[in-house]
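Working notes for the structure below.
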Amino acid sequence: MAEIIHVAPKEAFALSQQGVLLVDVREADEVAQKRYEVAHYLHLPLSKLAETYGQLPVGQKLIIACLSGGRSQKAIAFLQSKGYDDLLNLDGGIKAWEAAGLPVYSAI
Numbered sequence: 001m002a003e004i005i006h007v008a009p010k011e012a013f014a015l016s017q018q019g020v021l022l023v024d025v026r027e028a029d030e031v032a033q034k035r036y037e038v039a040h041y042l043h044l045p046l047s048k049l050a051e052t053y054g055q056l057p058v059g060q061k062l063i064i065a066c067l068s069g070g071r072s073q074k075a076i077a078f079l080q081s082k083g084y085d086d087l088l089n090l091d092g093g094i095k096a097w098e099a100a101g102l103p104v105y106s107a108i
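Numbering follows the UniProt record's numbering, in which position 22 of the sequence shown is assigned residue number 22; successive positions increment by one, without gaps.
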């Protein structure tokens, strides 16, 4: 299995502004409370990833994100097993993203 490459929140935000898709693997109730505010965003919960990963573009860089970085690592391992290879793990998840002062949409 390929190693997991981690990306800091500010670098991930810069990449998202350049068109890189951010894939949020948190569950729907979490996303309803707070989500990454980026132009290129897709919500695919880890619990449903085995059925939905086909929605992801092949051969493109993807940022995989969650709450703190654990589920995104599991998602990356799964996606690597399916042939995806240009994957970045958002280090620290939305917690670190928000702590870095990056934009989030909050329902609260």
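Heads up, the beta-carbon is just placed ideally off N, CA and C, and yes, glycines get one too. Everything numeric in this text was worked out from a predicted model, so none of it was measured.
(message) Please return the same chain residues whose Cβ sits closer than 7 Å to the Cβ of H40, not counting the five positions on each side in sequence.
(response) Looking up residue 40 in the sequence shown gives position 40. Around H40: S16, G19, V20, L21, L22.
(request) Compute the Euclidean distance between the alpha carbons of A100 and F78, then round it to the nearest angstrom. (result) On the sequence shown, residue 100 is found 100 positions in, with the first residue counted as 1. On the sequence shown, residue 78 is found 78 positions in, with the first residue counted as 1. Going by the C-alpha atoms only, they are around 28 Å apart.
(message) Taking the alpha-carbon of D29 as reference, which of S47, K74, F13 has the nearest alpha-carbon?
(response) Locating residue 29 in the sequence shown gives position 29, counting from the first residue. Of the residues S47, K74, F13, the one whose Cα lies closest to the Cα of D29 is S47.
(request) Consult DSSP for D29 and reduce its assignment to one of helix, strand or coil. (result) In the sequence shown, counting from the first residue as 1, residue 29 sits at position 29. D29: helix per DSSP, three-state reduction.
(message) Let's test the definition: count the other Cβ atoms within 10 Å of the Cβ of residue 160 and tell me whether it reaches 16, buried, or not, exposed.
(response) No answer is possible for residue 160: the residues shown for the chain start at 1 and end at 108.
(message) Let me check one thing: in DSSP terms, what residues is A65 bridge-paired to?
(response) Along the sequence shown, one-based indexing puts residue 65 at 65. Beta-bridge pairing links A65 to D24.
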